[in-house]
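Using this note's numbering, the letters of the sequence shown map in sequence onto residues 13 to 122.
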Amino acid sequence: CHNPCFYSGRVLYLLSSSGGLGMLHPNGTSTTLFQAGSGWFSKGLAVVDHVAYFGLAPKQRSGVERNWAASELAAFALGTGRLLWRRQLPFAGLVNSVSAPGLAPFCSWR
């Protein structure tokens, strides 16, 4: 489990070993929302306007290979429960975190 994130009374988290996104409910049960598959790794999670953004990369055999991984950014709509898109990033290496530092309750973007 990577990057737990509170969302709407629940906890979102990444299922790293399957390139997935999960949700922990208040009653203690979990739901898998998305899985890229056993050949993928997920890390870095941020939620903006009911969309979860997270990094995906093919699993690497060694630490050195991680420096050259072809990573992607994924967007998952939490309201509809569907993957919106996956985009390959224009640089090599794993995604360790995803953030939206310019967003705040008073931000003009909202």
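Beta carbons: idealized from backbone N, C-alpha and C, even for Gly.
With 16 as the cutoff for other CB atoms within 10 Å, does tryptophan 80 come out buried or exposed?
-> Looking up residue 80 in the sequence shown gives position 68. Tryptophan 80 is exposed by the Cβ-count criterion.
Check whether the stretch 67-84 touches the stretch 38-47, counting contact only when three or more Cβ pairs, one atom from each stretch, lie closer than 8 Å.
-> In short, these stretches do not touch, since the Cβ pair count stays below three.
Buried or exposed: alanine 104, going by 16 or more other Cβ atoms within 10 Å of its Cβ?
-> Your numbering for residue 104 matches position 92 in the sequence shown. Exposed, by the Cβ-count rule.
Under a three-way DSSP split, which group does valine 76 fall into?
-> Within the sequence shown, numbered from 1, the residue matching residue 76 stands at position 64. Helix, per DSSP.
So what's serine 29 in DSSP terms, helix, strand or just coil?
-> Taking the first residue of the sequence shown as position 1, residue 29 is located at position 17. Reduced to three states, the DSSP call for serine 29 is helix.
Top-ranked residue by Cα proximity to tryptophan 97, from Val23, Leu36, Ala64, Ser30 | Working through the sequence shown from its first residue, we reach residue 97 at position 85. Looking from the CA of tryptophan 97, the closest CA among Val23, Leu36, Ala64, Ser30 belongs to Ala64.
Can you tell me which of the three DSSP states histidine 37 falls into?
-> Position 25 of the sequence shown, counted from the start, is the residue given in the question as residue 37. In the structure shown, histidine 37 sits in coil (DSSP, three-state: anything other than H, G, I, E or B).
According to DSSP, is cysteine 17 helix, strand or coil?
-> The count along the sequence shown starts at 1 and reaches residue 17 at position 5. DSSP places cysteine 17 in the strand class (E or B) of the three-state scheme.
Assigned secondary structure, proline 70 (DSSP; H/G/I helix, E/B strand, else coil) = Position 58 of the sequence shown, counting from 1, holds the residue named residue 70. Per DSSP, reduced to three states, the secondary structure at proline 70 is strand.
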